[in-house]
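Colleague:
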Amino acid sequence: MTTGGHLTRTQELGLAVIAAVVTANAYYIHPIIGEVARHFGVSEARIGLVPALNQIALATGIFFLLPLGDRISNRRLTIIFVSGQTLSLAVMAVARDFTLFTIASTVLGFFTIAPYLLPAYASKRVAPERLGQVMALLTVGVILGILVARVGAGIVAEQFGWRYVYFAATGLMAMALAALPFLLDPPAGEKTAAMPYLALLTSLFPLARKYPEVMLSGTIQALNFASFIAIWLALALHLTSAEMGYGMDTVGYLAGIAAVSILSTPRLGRWADKVGPRKARCGFAIVQLLGMLLMWPLGYSLPTLLIPLMLVNLVGPGIDVASRMTFLSLAPELRTRLTTLFVVLMFTGGGIGSIMGTWVYDHYNWAGTCALLVCISLSVACLSFFAKRRFGQAAA
15 MTTGGHLTRT
25 QELGLAVIAA
35 VVTANAYYIH
45 PIIGEVARHF
55 GVSEARIGLV
65 PALNQIALAT
75 GIFFLLPLGD
85 RISNRRLTII
95 FVSGQTLSLA
105 VMAVARDFTL
115 FTIASTVLGF
125 FTIAPYLLPA
135 YASKRVAPER
145 LGQVMALLTV
155 GVILGILVAR
165 VGAGIVAEQF
175 GWRYVYFAAT
185 GLMAMALAAL
195 PFLLDPPAGE
205 KTAAMPYLAL
215 LTSLFPLARK
225 YPEVMLSGTI
235 QALNFASFIA
245 IWLALALHLT
255 SAEMGYGMDT
265 VGYLAGIAAV
275 SILSTPRLGR
285 WADKVGPRKA
295 RCGFAIVQLL
305 GMLLMWPLGY
315 SLPTLLIPLM
325 LVNLVGPGID
335 VASRMTFLSL
345 APELRTRLTT
355 LFVVLMFTGG
365 GIGSIMGTWV
375 YDHYNWAGTC
385 ALLVCISLSV
395 ACLSFFAKRR
405 FGQAAA
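My numbering applies: residue 15 is where the sequence shown begins, and numbers increase by one.
(1) From the DSSP output, in three-state form, read off I32 for me.
(2) When the Cα atoms are used, what is the spatial distance from I271 to R144?
(3) Buried or exposed for A141, going by 16 or more other Cβ atoms inside 10 Å?
(4) Is the CB-CB distance between E58 and L186 below 8 Å?
(5) Give the range of the alpha helix (DSSP H) segment to which G261 is assigned.
(6) Does the Cβ-Cβ distance between Q147 and D287 come in under 8 Å?
(7) What does DSSP give as the partner residue(s) for H44 in the beta ladder?
(8) Please determine, among S102, A109, S398, D263, the residue with the shortest C-alpha to C-alpha distance to S231.
(9) Under 8 Å between the Cβ atoms of T184 and T100?
(10) Would you tell me roughly how many angstroms separate the C-alpha atoms of Y178 and V170, rounded to the nearest one?
(11) Just the C-alpha distance for L91 and L82, rounded to the nearest angstrom, thanks.
(12) Using the C-alpha atoms, what's the distance from I117 back to D111?
(13) What do you get for Q412, buried or exposed, if any count of 16 or more other CB atoms within 10 angstroms of its CB means buried?
(14) DSSP on S457, reduced to helix/strand/coil?
(15) Let me confirm a value: L316 is counted as buried when at least 16 other C-beta atoms fall within 10 Å, else exposed. Which label applies?
(16) Buried or exposed for K138, please, with buried defined as at least 16 other CB atoms from any protein chain shown within 10 angstroms of its CB.
(17) With distances taken between CB atoms, is the gap from A71 to F124 smaller than 8 Å?
(18) DSSP state of Y225, grouped into three classes?
(19) Quick one: measure Cβ to Cβ for A33 and G155, integer angstroms, because I've assumed they're closer than 8 Å.
(20) Give the straight-line distance between the Cα atoms of V329 and A395, rounded to the nearest whole angstrom.
(21) Are S241 and G367 close, meaning C-beta to C-beta below 8 Å?
(22) Does the segment 252-261 come close enough to the segment 356-370 to have 3 or more Cβ pairs within less than 8 Å?
(23) For my contact list, L319 and L325 are in at a C-beta cut-off of 8 Å; report their separation, rounded to the angstrom.
(24) What distance in whole Å lies between the Cβ atoms of L247 and G62, which are believed to be in contact at a cut-off of 8 Å?
(25) Spatial neighbours of P195 within its chain, please: CB distance less than 8 Å, with the 5 preceding and 5 following residues excluded, ordered by chain position.
(26) Are at least three pairs of beta-carbons, each pair with one atom in the segment 338-352 and one in the segment 125-134, less than 8 Å apart?
(27) Let me make sure I understand the geometry here. Which of M306, A244, T153 has the alpha-carbon closest to that of S278?
(28) Which same chain residues end up closer than 7 Å to V35 when comparing Cβ atoms and leaving out the 5 residues on each side of it in sequence?
(29) Please classify G166: does DSSP put it in a helix, a strand, or coil?
(30) Just tell me which of A244, G28, Y42, G406 has its CA closest to the CA of L197.
(31) Would you identify the three-state DSSP class for P317, choosing helix, strand or coil?
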């Protein structure tokens, strides 16, 4: 339980684990996407609809559901959303045709709100000087979830078949659902927006005009996330192609490179606390661009591919953390709605990245994918420097 209105260390760690479990669901498809396509008899371009619709549905769910976090108990909302995810995963595990599988994945995306409600929840319950550290801890949870999803899905699918991935995911979600009531306990007197739902929803638009940096940070993260999705979907197709000849388990093992983020992200968060989020984001964007430039010349050998992937995974989450820090120090009663604007943009980018990553690979192979990634990362760097010049280093 909370002490003096602040989260305990145990709660912080517990929420990071919950963030890992609820985030993982969108990423199980990445290493097994080729096998799922073959099972249902669909093309590489068409299978991209599964993660794309999941991401677009997530953005839609964020828009319509996340603003409720400024009006209704975060505890109650999180339990409802996690319940919806659990049921959707169960349907995916037993779906016998591609249409039902895609619909269940889309509904799963619509209810994947908890990972983006938790940072707003936690930001109201930590000291301002620890905001970057706690946001980084939750981001580590998200990274861990993605890591476990990719590594685990590849190994489980290779050994037992892809359906067992979703059976296991359903079990993990059931355990997370059981733990939530013990981890979430909003303190008495928490400020909420006393607005009807429609007024709360329509208030997003004037907030977008009033806080343009939120929209810019969301656009930067949308591009960052689009590159993240595109690279891993394309890698799953590239590595399991006839040219490369690896199995799904290799794709899963390669996803383990994300473990570097678990070590680096807390340090990046502390550095962003010291130098300011805008300056930190510029540095992260430059390193990421370097990694993307190396993706094509080093991308045809598994050992050399580790170099650019290491660079990209080292700093990619830092861009997310720094971008959130630019607005999560604003008024507590606004943070969930500002997070809504940010995450809607982020997952719109994820949906576009899902479509572009598989479509470009299907038509232009690995070289075309690498060109796409460089263009996206260059845009992230340019916008990051523009944001630093436009908004300076003042507190958000």
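Heads up, the beta-carbon is just placed ideally off N, CA and C, and yes, glycines get one too.
Modeller: Well, looking at it:
(1) Helix, per DSSP.
(2) So the two alpha carbons sit approximately 27 Å from each other.
(3) By the Cβ-count criterion, A141 is exposed, with fewer than 16 other Cβ atoms from all chains shown falling within 10 Å of its own Cβ.
(4) No Cβ-Cβ contact shorter than 8 Å links E58 with L186.
(5) Unbroken run through G261: none, as it is neither H nor E.
(6) yes
(7) H44 is not bridged to any residue.
(8) S398
(9) yes
(10) 7 Å
(11) Their Cα atoms are separated by approximately 8 Å.
(12) Their Cα atoms are separated by approximately 10 Å.
(13) Because the chain here runs from 15 to 410, residue 412 falls outside it and cannot be looked at.
(14) With the chain covering 15 to 410 only, the question about residue 457 has no answer from this structure.
(15) exposed
(16) buried
(17) Judged by their CB atoms, A71 and F124 are nearer to each other than the 8 Å cut-off.
(18) coil
(19) 4 Å
(20) 12 Å
(21) yes
(22) no
(23) Incorrect: roughly 11 Å between the Cβ atoms, too far for contact.
(24) That belief holds up - the Cβ atoms of G62 and L247 are roughly 7 Å apart, short of 8 Å.
(25) R89, I93
(26) yes
(27) T153
(28) Correct list, in chain order: G159, L186, M187, A190.
(29) helix
(30) G28
(31) Three-state DSSP puts P317 in a helix.
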